[in-house]
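Undergrad: Dumping the structure here so I can ask a few things about it.
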Amino acid sequence: MGGYDEVYAASVADREGFWLAAAEALDWHRTPTRALDDGRPPFYRWFPDGELNVAHNALDRHVAAGRGEQAALVYDSPVTGTRLTYTYARLTQEVAAFAGVLRGLGVVAGDRVVVYLPMVPEAVIAMLACARIGAVHSVVFGGFAANELAVRIDDATPKVVVSASCGIEGKRVIEYKPLLDRALELATHRPGNCVILQRPQAKATLGPGDLDWAEAVASAAPADPVPVKSTDPLYVLYTSGTTGKPKGVVRDSGGYATALAWSMPNVYDVGPGQTIFTASDVGWVVGHSYIVYAPLLAGATTVLYEGKPVGTPDAGQFWRVCAENGVRSLFTAPTAFRALRKEDPEGEYARQHDLSGLRYLFLAGERLDPETYHWASELLEIPVIDHWWQTETGWPIVADPAGIELLPVKPGSPTKPLPGWDIRVLDANGAQVPAGQDGAIVAKLPLPPGAFSTLWNDDGRFVDSYLAAFEGYYLTGDGGRIDKDGYVFVMGRTDDVINVAGHRLSTGGMEEILAMHPDVAECAVIGVADALKGQLPRGFVVLKAGVDDSAEGYGAGLRKELVALVRDRLGAVASLKEIDIVPALPKTRSGKILRKTMRGIADGLDEPVPSTIEDRSVLDALRAVLRGDTR
256 MGGYDEVYAA
266 SVADREGFWL
276 AAAEALDWHR
286 TPTRALDDGR
296 PPFYRWFPDG
306 ELNVAHNALD
316 RHVAAGRGEQ
326 AALVYDSPVT
336 GTRLTYTYAR
346 LTQEVAAFAG
356 VLRGLGVVAG
366 DRVVVYLPMV
376 PEAVIAMLAC
386 ARIGAVHSVV
396 FGGFAANELA
406 VRIDDATPKV
416 VVSASCGIEG
426 KRVIEYKPLL
436 DRALELATHR
446 PGNCVILQRP
456 QAKATLGPGD
466 LDWAEAVASA
476 APADPVPVKS
486 TDPLYVLYTS
496 GTTGKPKGVV
506 RDSGGYATAL
516 AWSMPNVYDV
526 GPGQTIFTAS
536 DVGWVVGHSY
546 IVYAPLLAGA
556 TTVLYEGKPV
566 GTPDAGQFWR
576 VCAENGVRSL
586 FTAPTAFRAL
596 RKEDPEGEYA
606 RQHDLSGLRY
616 LFLAGERLDP
626 ETYHWASELL
636 EIPVIDHWWQ
646 TETGWPIVAD
656 PAGIELLPVK
666 PGSPTKPLPG
676 WDIRVLDANG
686 AQVPAGQDGA
696 IVAKLPLPPG
706 AFSTLWNDDG
716 RFVDSYLAAF
726 EGYYLTGDGG
736 RIDKDGYVFV
746 MGRTDDVINV
756 AGHRLSTGGM
766 EEILAMHPDV
776 AECAVIGVAD
786 ALKGQLPRGF
796 VVLKAGVDDS
806 AEGYGAGLRK
816 ELVALVRDRL
826 GAVASLKEID
836 IVPALPKTRS
846 GKILRKTMRG
856 IADGLDEPVP
866 STIEDRSVLD
876 ALRAVLRGDT
886 R
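Going left to right, the sequence shown walks through residues 256 to 886 as this note's numbering numbers them.
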């Protein structure tokens, strides 16, 4: 196949041929004769005349090939003391059965199903069951609060919601059913039914329209795979938007399956019968792509882990899982390794396990700091591969392609663009900047297979949010540079979406919640650098005129109320714990709050003061608070 340069050049010289060849890795009900439909830019479509079923490609075809007894899914839950192995044959049977449940509830191709489940095998089964009958799943992270779930229910308008009686966060049992019930009270859309998985840690009280998972499966007739068009949606996954309203990223079927099937051997160097452990959550894009779909499309074994990197019960669990399952590639977020380093700086837990089968560590979801890179490299003595991608892209944009050729590492860079990704750095006027100069990182259209095709029911927002800034380019929202060797350096977000331990959260959404408090006149939330989680939100509120804040303990009480308000509306995942009461917020003359300037000062940078500032004294007075000098 050649090295990286040859493969990338081939993808540029003959894009049509390159991706049609990649599509041959799949079973097609109707084999595509065209790769790209570019007749209605910027709405590009991949393999427009192809038809397939993604769940069939992930399961049935491996059973038909005689590999039904191979492990497909290993469920490892230190928080419940459970370990289960699902062969391809068993997983196919269970997916077909639950697909029968959904079909019996009237779900047909094109209908939406919201999945609100913890990290249990049933989450994978529910996703694949939707794909099996052509339904569109929308997974909502179990850590989100009722209001966030309600917003997604209203936008996706599901026919069915699939949930559980509870999830487990560390040592805490979180009951899901009350959250779901509250969400349905808040939502205007009414799903026809809810299917509830009863877990022994907490039983849920079922109401009208609720079905018990086990009982429903026991009486269901299994459903066969339903072929769908390559361009039909496989799922909708919501990501934080800068307005606070989440954006429903639409993923197609054929393009996504093709890109994932290509990425497994070429990027992650994992093939049939080999094991990948992706320590993430099915509620995020990493879980969709590299816990569920990509490993199964490749005929590999995937590990579903219910626990934390530390504390459930110790910092040795990742190493235990790798050793017990012969993991070849481990994929997680830099935050997890910062937590491991903090808990076990000498790496003693790692040395207690046989990690001879572990060939690669892949890290993504946030910028990999050089300190964490060096610590992991020295501890494991294997390639530590930083790679960069987003919810919108579905698979890596920039990566060191382990299955093609490992390129020389430059700490701080995820290496070079993968085939299909034409990455540029532009200035504010849309001109390409010289090598080594910072600017906005963009991708030239059309985006490759696997990337999102639009936003759910919102083509206008798709264009306005991602494509309007620079004609002919996708705006990634990240800033950075490309050096003279073609290495991409991603330095951070350019909008108000922050990255907390790999979870993208909108500061605008947090501001909307803070502003609900009757004492708050205006507020700002910024993301500041954090050694463990990458970024943490910090809130600043200005009180309304006339509010009596002289009472003893008022400030502490207000902060506690605001933290609780955000937690209730957004969920604990928001991690907003620091809120300062300030007399004013720095603004431009047009009234825009100088969040970027505030963030730079909070991070200890010598941030220049914009010439458009309305009152410099406001910013000067805030400097000590931003830098923590008053704490």
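By construction, the Cβ of each residue, glycine as well, lies at the ideal position given by its N, Cα and C atoms.
Quick check: the region 347 to 367 against the region 394 to 404, are at least 3 beta-carbon pairs closer than 8 Å?
TA: Verdict: no, contact absent.
Undergrad: Kindly indicate which residue of Val718, Ile737, Gly735, Gly571 has the alpha-carbon position closest to the one of Tyr728.
TA: In the sequence shown, the residue the question calls residue 728 occupies position 473. Looking at the Cα atoms, Val718 is the closest of the given residues.
Undergrad: Within 8 Å, do at least three Cβ pairs link the region 591 to 602 to the region 626 to 641?
TA: Taking 8 Å as the limit for Cβ pairs, the verdict is that the region 591 to 602 does touch the region 626 to 641.
Undergrad: By Cβ distance below 7 Å, which residues in the same chain neighbour Val362 in space, the five residues on each side in sequence not counted?
TA: Locating residue 362 in the sequence shown gives position 107, where the first residue counts as 1. Hits under 7 Å: Val368, Ile388, Ala390, Lys414, Val415.
Undergrad: Identify whether Arg878 lies in helix, strand or coil by the three-state DSSP scheme.
TA: Along the sequence shown, read from residue 1 onward, the residue named residue 878 stands at position 623. In this structure, Arg878 counts as helix in the three-state DSSP scheme.
Undergrad: Apart from the five residues just before and just after Ala706, which ones in its own chain have a Cβ nearer than 7 Å to its Cβ?
TA: Position 451 of the sequence shown, counting from 1, holds the residue named residue 706. Same-chain partners within the cutoff: Glu647, Thr648, Gly649.
Undergrad: Considering only their Cβ atoms, is the gap separating Asn754 from Gly620 smaller than 9 Å?
TA: Within the sequence shown, residue 620 is the residue found at index 365, counting from 1. Within the sequence shown, residue 754 is the residue found at index 499, counting from 1. Closer than 9 Å, so yes.
Undergrad: Exposed or buried, Gly294, counting other C-beta atoms within 10 Å across all chains shown (16 or more means buried)?
TA: Mapped onto the sequence shown, residue 294 falls at position 39. The residue in question, Gly294, is exposed, as its Cβ has fewer than 16 Cβ neighbours within 10 Å.
Undergrad: Along the beta strand (DSSP E) that carries Met746, what are the first and last residues, could you check?
TA: Position 491 of the sequence shown, counted from the start, is the residue given in the question as residue 746. Residues 743 to 748.
Undergrad: Does the region 719 to 738 come close enough to the region 690 to 708 to have 3 or more Cβ pairs within less than 8 Å?
TA: Touching, per the Cβ criterion.
Undergrad: Does the Cβ of Leu787 have 16 or more other Cβ atoms within 10 Å, making it buried, or fewer, making it exposed?
TA: Locating residue 787 in the sequence shown gives position 532, where the first residue counts as 1. So Leu787 counts as exposed.
Undergrad: Any contact of the region 534 to 545 with the region 370 to 379, i.e. 3+ C-beta pairs under 8 Å?
TA: In short, these stretches touch, since the Cβ pair count reaches three.
Undergrad: Taking C-alpha atoms, which residue in Pro704, Gly715, Ile848, Val796 lies nearest to Trp274?
TA: Residue 274 sits at position 19 when you count from the first residue of the sequence shown. The residue with the shortest Cα to Cα distance from Trp274 is Pro704.
Undergrad: Using the C-alpha atoms, what's the distance from Gln687 back to Arg679?
TA: What you label residue 679 is simply residue 424 of the sequence shown in a count that begins at 1. What you label residue 687 is simply residue 432 of the sequence shown in a count that begins at 1. If I take the Cα positions, the gap works out to 7 Å.
Undergrad: If you draw a straight line from the alpha carbon of Val262 to that of Leu820, how long is it in whole angstroms?
TA: Stepping through the sequence shown from its first residue, residue 262 is reached at position 7. Stepping through the sequence shown from its first residue, residue 820 is reached at position 565. Approximately 51 Å, taken between the alpha carbons.
Undergrad: Using beta-carbon positions only, say whether Tyr343 and Glu349 come within less than 9 Å of one another.
TA: Translated into positions along the sequence shown, residue 343 becomes position 88. Translated into positions along the sequence shown, residue 349 becomes position 94. Contact flag unset, no.
Undergrad: Where Glu766 and Val780 are concerned, what is the direct C-alpha to C-alpha distance, given to the nearest angstrom?
TA: As a position in the sequence shown, residue 766 is number 511, starting the count at 1. As a position in the sequence shown, residue 780 is number 525, starting the count at 1. Cα to Cα, Glu766 sits roughly 6 Å from Val780.
Undergrad: Would you give the residue range spanned by the alpha helix (DSSP H) that Gly510 belongs to?
TA: Taking the sequence shown and counting its residues from 1, one reaches residue 510 at position 255. Here the alpha helix (DSSP H) through Gly510 covers 509 to 521.
Undergrad: Report the three-state DSSP secondary structure of Ala698 (helix, strand or coil).
TA: Residue numbering aside, residue 698 sits at position 443 when the sequence shown is read from its first letter. Note: Ala698 maps to strand in three-state DSSP.
Undergrad: Kindly provide the ranges of any beta strand (DSSP E) runs that are 3 or more residues long and lie completely inside the region 717 to 771, ordered along the chain.
TA: Segments of the beta strand (DSSP E) lying fully in the region 717 to 771: 728 to 737, 743 to 748, 752 to 755, 758 to 761.
Undergrad: Taking the C-alpha atoms as reference points, what is the distance between Ala268 and Ala326?
TA: Within the sequence shown, the letter at position 13 stands for residue 268. Within the sequence shown, the letter at position 71 stands for residue 326. Rounded to whole angstroms, Ala268 to Ala326 spans 39 Å at the Cα level.
Undergrad: How should Gln607 be labelled, buried or exposed, when 16 other C-beta atoms within 10 angstroms of its C-beta is the threshold for buried?
TA: Position 352 of the sequence shown, counted from the first residue, corresponds to residue 607. Burial call: exposed.
Undergrad: With DSSP as the reference, label Phe573 as helix, strand or coil.
TA: Taking the sequence shown and counting its residues from 1, one reaches residue 573 at position 318. Helix at Phe573.
Undergrad: Do the CB positions of Arg583 and Gly602 come within less than 9 Å of each other?
TA: In the sequence shown, residue 583 corresponds to position 328, counting from 1. In the sequence shown, residue 602 corresponds to position 347, counting from 1. Against a cut-off of 9 Å, the Cβ pair of Gly602 and Arg583 comes out as no contact.
Undergrad: With a 10 Å radius around its C-beta and 16 neighbouring C-beta atoms as the bar for buried, classify Asp331 as buried or exposed.
TA: Sequence index remark: in the sequence shown, residue 331 carries index 76 (1-based). Classification for Asp331: buried.
Undergrad: Where does Thr460 land, buried or exposed, given buried means 16+ other C-beta within 10 angstroms?
TA: The residue given as residue 460 occupies position 205 in the sequence shown. Its Cβ having fewer than 16 others within 10 Å, Thr460 is exposed.
Undergrad: Counting C-beta neighbours from all protein chains within 10 Å, is the total for Ser872 16 or more, i.e. buried, or is it exposed?
TA: Against the sequence shown, residue 872 aligns to sequence position 617. Per the 10 Å Cβ criterion, exposed.
Undergrad: In chain order, what residues of the same chain have a beta carbon less than 7 Å from the beta carbon of Ala378, not counting five sequence neighbours either side?
TA: Here residue 378 is taken as the residue at index 123 of the sequence shown, counted from 1. Cβ neighbours of Ala378 beyond the five flanking positions: Val370, Leu372, Val537.
Undergrad: Can you tell me the Cβ-Cβ gap for Asp835 and Phe795, rounded? I've got them flagged as a contact below 8 Å.
TA: Position 580 of the sequence shown, counted from the first residue, corresponds to residue 835. Position 540 of the sequence shown, counted from the first residue, corresponds to residue 795. With 8 Å as the limit, Asp835 and Phe795 qualify as a contact, their Cβ atoms being about 5 Å apart.
Undergrad: Report yes if the CB atom of Gly462 is closer than 9 Å to the CB atom of Trp711, and no otherwise.
TA: Here the question's residue 462 lines up with position 207 in the sequence shown. Here the question's residue 711 lines up with position 456 in the sequence shown. Cβ distance not < 9 Å, so Gly462 and Trp711 don't count as in contact.
Undergrad: Check the DSSP bridge columns for Asp624 and list the partner residues they point to.
TA: Working through the sequence shown from its first residue, we reach residue 624 at position 369. For Asp624, which the question treats as bridged, DSSP gives no partner whatsoever.
Undergrad: Tyr431 to Pro600, Cα distance in whole Å?
TA: Residue mapping note: residue 431 aligns to position 176 of the sequence shown, counting from 1. Residue mapping note: residue 600 aligns to position 345 of the sequence shown, counting from 1. Those two C-alpha atoms are separated by around 36 Å.
Undergrad: Nearest to Gly425 by CA position, among Thr335, Ala784, Leu722, is which residue?
TA: Stepping through the sequence shown from its first residue, residue 425 is reached at position 170. Among Thr335, Ala784, Leu722, the Cα nearest to that of Gly425 belongs to Thr335.
Undergrad: Could you tell me how far apart the beta carbons of Leu360 and Gly447 are, in whole angstroms, since I believe they sit closer than 8 Å?
TA: For this step, residue 360 is matched to residue 105 along the sequence shown. For this step, residue 447 is matched to residue 192 along the sequence shown. Sure, about 6 Å apart at Cβ, within 8 Å.
Undergrad: Alpha carbon to alpha carbon, how far is Ile451 from Ala549?
TA: Position 196 of the sequence shown holds residue 451. Position 294 of the sequence shown holds residue 549. When rounded, the distance between both Cα atoms is 27 Å.
Undergrad: Buried or exposed for Asp410, going by 16 or more other Cβ atoms inside 10 Å?
TA: Reading the sequence shown from its first residue, position 155 is the one you call residue 410. Answer is buried; the Cβ neighbour count reaches 16.
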